[in-house]
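**Student:** Numbering (this note's numbering), first residue to last: 4 to 127. Even for Gly, the Cβ is constructed at its ideal location relative to N, Cα and C. This one's a predicted model, so the numbers in the text were calculated from it and none came from an experiment.
#1: Check each candidate in 43, 31, 23, 75 and name the one with the smallest Cα separation from residue 183.
#2: What is the residue span of the beta strand (DSSP E) that residue 15 lies within?
#3: From residue 57 to residue 79, what distance separates their C-alpha atoms?
#4: Give the single residue among 112, 118, 105 whose Cα lies nearest to the Cα of residue 16.
#5: Would the segment 96-113 count as touching the segment 32-51 if we require 3 or more Cβ pairs under 8 angstroms?
#6: Any chance the segment 33-46 sits against the segment 59-67, with 3 or more Cβ pairs inside 8 angstroms?
#7: Can you give the Cα-Cα distance for residue 115 and residue 39, rounded to whole angstroms?
#8: Per the DSSP calculation, residue 71 is bridged to which residue(s)?
#9: For the putative contact between residue 20 and residue 67, defined by C-beta atoms under 8 angstroms, what is the C-beta separation to the nearest angstrom?
#10: Can you give me the C-alpha to C-alpha distance between residue 90 and residue 27, rounded to a whole angstrom?
#11: How about residue 112 and residue 13: are their beta carbons less than 8 angstroms apart?
#12: On the three-state DSSP scale, how would you describe residue 116?
#13: If you draw a straight line from the C-alpha of residue 18 to the C-alpha of residue 10, how long is it?
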């Protein structure tokens with residue numbers, strides 16, 4: 004019996020328009036849950052992405068991608084859970100689709116990853 008196995012953690016690179024990002028940032032900043040709110044504060048992942056977006060805008064470049072882990076996607080869907088606007092509903096649906104796809108890809112990658120057998124420095 005194996006004493007260990009490998010788990011790959013995937014992320015999703017998501018293109019967000021300025022309007023989508025601003026909506027997500029606002030909803031997260033005003034959410035009741037501390038973990039969701041923290042994403043918009045110094046040290047939070049949305050705070051960092053906003054700084055990067057602003058920097059690239061000032062230099063004339065486009066930076067419209069955000070790299071989300073499964074946990075971060077889950078938090079962002081939670082941030083949008085009570086918003087009744089159509090743009091929020093569309094963004095929540097978009098993120099849910101990406102979340103489901105990311106979960107499926109993670110299962111696929113991890114299943115095949117653990118079928119590889121190692122013998123010393125060589126792959127069987």
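**Tutor:** Short version:
#1: The structure shown has nothing for residue 183, since the chain only spans 4 to 127.
#2: As a position in the chain shown, residue 15 is number 12, starting the count at 1. Run containing residue 15: 14-18, per the beta strand (DSSP E) assignment.
#3: Counted from its first residue, the chain shown places residue 57 at position 54. Counted from its first residue, the chain shown places residue 79 at position 76. Spanning the two alpha carbons is a distance of roughly 20 angstroms.
#4: Taking the chain shown and counting its residues from 1, the one referred to as residue 16 is at position 13. Nearest C-alpha to residue 16: 105.
#5: no
#6: As far as the Cβ criterion goes, the segment 33-46 does not touch the segment 59-67, which means the pair count is below three.
#7: The residue labelled residue 115 in the question sits at position 112 within the chain shown. The residue labelled residue 39 in the question sits at position 36 within the chain shown. The straight-line gap from Cα to Cα measures roughly 33 angstroms.
#8: Translated into positions along the chain shown, residue 71 becomes position 68. 15, per the DSSP bridge assignment.
#9: In the chain shown, the residue the question calls residue 20 occupies position 17. In the chain shown, the residue the question calls residue 67 occupies position 64. Yes, residue 20 and residue 67 are in contact; Cβ-Cβ is about 7 angstroms, under 8 angstroms.
#10: Position 87 of the chain shown, counted from the first residue, corresponds to residue 90. Position 24 of the chain shown, counted from the first residue, corresponds to residue 27. Cα to Cα, residue 90 sits roughly 10 angstroms from residue 27.
#11: For the purposes of this step, residue 112 is taken as the residue at position 109 of the chain shown. For the purposes of this step, residue 13 is taken as the residue at position 10 of the chain shown. Closer than 8 angstroms, so yes.
#12: What you label residue 116 is simply residue 113 of the chain shown in a count that begins at 1. Looking at residue 116 - three-state DSSP - the assignment turns out to be helix.
#13: Position 15 of the chain shown, counting from 1, holds the residue named residue 18. Position 7 of the chain shown, counting from 1, holds the residue named residue 10. Going from the Cα of residue 18 to the Cα of residue 10 covers about 26 angstroms.
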